[in-house]
Structure formats: structure tokens, C-alpha cells
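Novice: When we follow this note's numbering, the leftmost residue of the sequence shown carries the number 2, and every step to the right adds one.
C-beta: ideal position from N, C-alpha, C; glycine also.
Here it is: the structure, laid out below.
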Amino acid sequence: MLDGVSFEGKDDHIVSILGPNGVGKTTLLKCMCGILRPDSGKVSVDDKLVKGLGRMEVARLISYVPQRSSATRTTVFDSVLIGRRPHMSWTLSKKDMAVTRDVIKAVGLGDLAMRNVDEISGGEFQKVQIARAMVQEAKVLVLDEPTSSLDVANQHMVMRLLVDNVRQRRICTIMTMHDINLAAYCSDEVLFMKGGRIFARGPPSIINAGLIREVYGMEAKVINHDGVPLVVPSLGDAHALRHMDDRKAVPHDHGLK
């Protein structure tokens, strides 16, 4: 449940929403996109109230990449092309095809365009979802944990893709994240939620040990790395943890010579 949540996203900005599980991050995104209707308050894009708009009108303003989506037996090209639906009439236009081709190439999926989506890797599938949102050409891009379940290389690849898209198209991007460090590195603004409310918001420089303690209930060190805060969780005596009960360790016979 959300309580008194209010903030504004700007063009050419990335806003990352952070906080523990269950504080309302995904609910907030769904309210923004018109998937859920808040009991009170309003969501607007360029002074247009989302509540009074039809689905296609909302889709021309806001594109949404959910946290989980099932791969289907369609090609990468067709799966991305679906994102043009808010702009389509009865037939595909030359622009629909051109935009789809250009975005597929831009995100590095050109060689996979005719492959079925259920045959590609998790990182490639995430690129398909983001490409689909990009061809939608909405004013606001909303993503729910875009790097979840990805390895570190694919996480950084996806974030680089998002940053480049924001800078080139000068759109507003709002996303939920669990990786505080990745969010701090890529975001113009971070927003921490606690108990359905916005607990703190501002540039990544607001991140400190006290904030992490209040929001997550954990101790951590915050190190400045090239001007970006880096959160290092405190696990107690790290040396002791690494060498705890070394004498009880059982060697594994892996059969290698």
C-alpha cells in the first residue's frame, strides 16, 4: 500500500526507486502506468491525466517493461515490432518497420532478428523487452528491476543501453532497482522507499551509512569511488568469516591432475 507518494520525473533523467522487498516499488510503477488505479491522487504526463486516457493513449505516453515476462514462440523481430502497436493502423507502415530495424541493430540484436525468442539467452531476452519499449517511442520509460536475474556483464550492458537511450532521446526513465551501487552509478536521482512512503530522495550523493541503516536495517560502509557512492555491506570480521573452521574443511577430490 502506498501512502502520500509524490514525485516528478524530468526529461533526460533516470530515476531509480530503491528499498527492501514489499515496500510498494512495483505497485508504484503500476500506478504510474495506469495498470493499477490509486484510490486518491493523480498521475500525469505533460499535464495529461493518465486516469482519463485509453490504453493506446497511455501506451503512447508511457512504455512499461515488467520484471517478469514469458518468452513466446515468436521471432525477435516480431516481438520488438509489437511495441509499435500504439502507433499502428490496420497495416504496418514503412516507419514501423524502419524504427524496429534501427532499434534492433542499436541494441545489438541484428544477428538474432529471425531467431525465436524462446531460443535466446536471458540477457538477450531482456534486450528484446527493452527494444520493444524503445520502439514504442513513449515520453516516459518505466522498468521494473531491469537487471534482475542477469549476470554482472549483462547487468552493465542493459544499463549502458538504457543510459544511451535516455541521452539520445532525452526521455524520462523511472525504474526500480535492488542493486544500490548500479543505481547510484547510472541514475540522476535515487528515491528510497520505506513502508509505502518515500523516505529519502535526491542525487546519488545522498546515499550514506545512516540512510542504508534506516531503510534496510543493516550496517554498511559507503565509500566514494570516483564521485559515486559505493555501498559495502558490513559482514563483521571478514577475515574471520573467510577462515572460520578451516580445520573442519573437507577437501574435494575433483579428479584433476
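Alpha carbon to alpha carbon, what distance is there between K95 and V153?
Specialist: 37 Å
Novice: Buried or exposed, going by whether 16 or more other CB atoms sit within 10 Å of the CB of V233?
Specialist: exposed
Novice: For I199 versus A185, is the C-beta distance shorter than 8 Å?
Specialist: If you check the CB distance, I199 and A185 do not come in under 8 Å.
Novice: When you compare each of V143, V129, V136 to M158 by their alpha carbons, which one comes out closest?
Specialist: Here the closest residue by C-alpha is V129.
Novice: Would you check whether the ligand ATP has a heavy atom nearer than 7 Å to the C-beta of I83?
Specialist: Within the structure as shown, the ligand ATP is missing, as the structure has no ligands at all.
Novice: Look up I36 in the DSSP assignment and say whether it is helix, strand or coil.
Specialist: Coil, per DSSP.
Novice: DSSP on G24, reduced to helix/strand/coil?
Specialist: The residue asked about is misnamed: residue 24 is Val in this sequence, not Gly. Coil at V24, not helix or strand.
Novice: Cβ of I1 within 8 Å of Cβ of P147?
Specialist: In the structure as shown, the chain begins at 2 and stops at 258. Residue 1 is therefore absent and cannot be evaluated.
Novice: Note down the Cα distance separating S80 from E58, rounded to an integer number of angstroms.
Specialist: S80 and E58 have their C-alpha atoms spaced approximately 21 Å apart.
Novice: Less than 8 Å separating the beta-carbons of L29 and V6?
Specialist: Yes, the pair counts as a contact, with Cβ atoms nearer than the cut-off.
Novice: Please go through the same chain and pick out, in chain order, the residues whose beta-carbon is closer than 6 Å to the beta-carbon of F193, but skip the five residues on each side of it.
Specialist: L19, G20, F200, A201, V216
Novice: Helix, strand or coil for V77 per DSSP?
Specialist: helix
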